[in-house]
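Undergrad: Take a look at the following structure, please.
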Amino acid sequence: MLPEPPVSTFASDNASGASPEVLQALVEANDGYSIAYGDDRYTSELRSEINTLFGREVATFLAWGGTGANVVGLQALIRPWQGIICTQSSHINVDECGAPERFLGSKLIDLPSPDGKLTAELVQKQLGVLGIVHHVQPGAVSITQATEYGTVYSVEELKEIIDTAHQGGLRVHMDGARVANAAVSLGCDVAEFTSEIGVDILSFGGTKNGMVYGEAIVVFDPELVGAVGYLQKQSAQLPSKMRYIAAQFLAMLKDDLWLDHARHANAMAQLLAEGVADIPQVTITQPTQANAVFATLPEEATSTLQAWSPFYTWEGDNEVRWMTSFATQVSDVEALIEGVRAVLGN
Ligand SMILES: Cc1ncc(COP(=O)(O)O)c(C=O)c1O
Numbered sequence: 226m227l228p229e230p231p232v233s234t235f236a237s238d239n240a241s242g243a244s245p246e247v248l249q250a251l252v253e254a255n256d257g258y259s260i261a262y263g264d265d266r267y268t269s270e271l272r273s274e275i276n277t278l279f280g281r282e283v284a285t286f287l288a289w290g291g292t293g294a295n296v297v298g299l300q301a302l303i304r305p306w307q308g309i310i311c312t313q314s315s316h317i318n319v320d321e322c323g324a325p326e327r328f329l330g331s332k333l334i335d336l337p338s339p340d341g342k343l344t345a346e347l348v349q350k351q352l353g354v355l356g357i358v359h360h361v362q363p364g365a366v367s368i369t370q371a372t373e374y375g376t377v378y379s380v381e382e383l384k385e386i387i388d389t390a391h392q393g394g395l396r397v398h399m400d401g402a403r404v405a406n407a408a409v410s411l412g413c414d415v416a417e418f419t420s421e422i423g424v425d426i427l428s429f430g431g432t433k434n435g436m437v438y439g440e441a442i443v444v445f446d447p448e449l450v451g452a453v454g455y456l457q458k459q460s461a462q463l464p465s466k467m468r469y470i471a472a473q474f475l476a477m478l479k480d481d482l483w484l485d486h487a488r489h490a491n492a493m494a495q496l497l498a499e500g501v502a503d504i505p506q507v508t509i510t511q512p513t514q515a516n517a518v519f520a521t522l523p524e525e526a527t528s529t530l531q532a533w534s535p536f537y538t539w540e541g542d543n544e545v546r547w548m549t550s551f552a553t554q555v556s557d558v559e560a561l562i563e564g565v566r567a568v569l570g571n
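Structural data, given as structure tokens:
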């Protein structure tokens, strides 16, 4: 017999609602009139907060969603004969319906990686074709931090990849849909694994971490800034009432709410991983370093559990993904663990 299902679902960190602070900020931003397309006081305040976060002047653009932020950022990095190195499991490769290829008019050079991470070696191997006219020229590397597998690059790993990329003349994009989860996992400032080590453009996630919608495109290289506004508009990622995204980000940055949210989500994933680790039929397949738990369990158990509380199966044989968020409660985690034990006769 299965117990009561968890209140929150483990299907996605997007399945949770928005945090009360964010909703309150939306209500306050709704008061009165503001100039559209980013010429408002919320966006200007946010831009200076983001400068403070990175300890220097950067260029911040606000977009509707993560796919859009990635598409805008990637376009700024390459020319039509160039391609983007990424992992096969990256969101830009498998979850954006080919949007990057469509907007870039170019190729994603997608490399297999069992843990969702690129390495300097993998990148280096692609550079042998540089200068050969018959081959798509690697023009940029796209790194997801935290990865689609809930793993997190160390600062050292990132430095090696970025240095290799830059030595080959390539640019570096970071898909930071879960950048907050990476920051708390590493225990360092976001600048330490982005701007300070040579990331050129960052998609800075907001939605998964407690906003209603909205992501930021943070451009670190001043040379790239000029193009981004035009690309943003052409790619349908220039929200007219931008103040609503800016106000949400401001609420997230205030008193480091964004980090508190991510810390909580990561802790819930740890609790879940620890809670199922000793079940003989369950194998954790990836290190739990952010807010995702990947595991294998018998197929029949998976379908029974999915009918009880939704979550997704993943790439590996009998592999499942359980995502936690800022809104996941300890009781939800306990309910899932109890459900898994009940189905597996533990
Ligand atoms: C790694 C990663 N990047 C970007 C996104 C943003 O996607 P969306 O376009 O749905 O906001 C997601 C959402 O699942 C993601 O997991």
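Counted from 1, the sequence shown has number 288 at position 63 by this note's numbering; the numbering is strictly sequential.
Each residue gets a CB set at the ideal place from its N, CA and C atoms; glycine is no exception.
1) Under the DSSP definition of a beta bridge, which residues are partnered with Thr-549?
2) Here's a check: name, in chain order, each residue in its chain whose Cβ is nearer than 8 Å to the Cβ of Ile-422, leaving out the five neighbours to either side.
3) Check whether the Cβ atoms of Pro-339 and Ala-560 sit closer than 7 Å, and answer yes or no.
4) Under the three-state reduction of DSSP, which class applies to Ser-338: helix, strand or coil?
5) Based on the DSSP secondary-structure assignment, which residues constitute the bridge partners of Tyr-537?
6) Once DSSP output is grouped into helix, strand and coil, what is the label at Ala-520?
7) Of the choices Leu-456, Gln-511 and Val-409, whose alpha-carbon is the least far from that of Val-481?
8) Are the CB atoms of His-398 and Gly-298 within a distance shorter than 7 Å?
9) Would Asp-503 be called buried (16 or more neighbouring beta carbons within 10 Å of its own) or exposed?
10) Let me check understanding here. Comparing Cα to Cα, which of Pro-228, Gln-249, Val-247 and Ile-260 lies closest to Ser-465?
11) Use the C-beta contact count for Cys-322: other C-beta atoms within 10 angstroms, 16 or more gives buried, fewer gives exposed.
12) If you measure from the CB of Gly-290, is any heavy atom of ligand 1 nearer than 6 Å?
13) I'd like the span of the alpha helix (DSSP H) that includes Glu-440, first residue to last.
14) Could you tell me which of Phe-235, Glu-229 and Leu-227 sits nearest to Thr-538, measuring between CA atoms?
15) Do Pro-363 and Ile-310 have their C-beta atoms within less than 7 Å of each other?
TA: In terms of the structure at hand:
1) DSSP lists no partner for Thr-549.
2) Val-380, Leu-383, Lys-384 and Ile-387
3) no
4) coil
5) Arg-546
6) strand
7) Val is not the amino acid found at residue 481; the sequence shown has Asp there. Among Leu-456, Gln-511 and Val-409, the Cα nearest to that of Asp-481 is on Val-409.
8) yes
9) exposed
10) Ile-260
11) exposed
12) yes
13) No alpha helix (DSSP H) contains Glu-440, which is instead part of the beta strand (DSSP E) from 440 to 444.
14) Phe-235
15) yes
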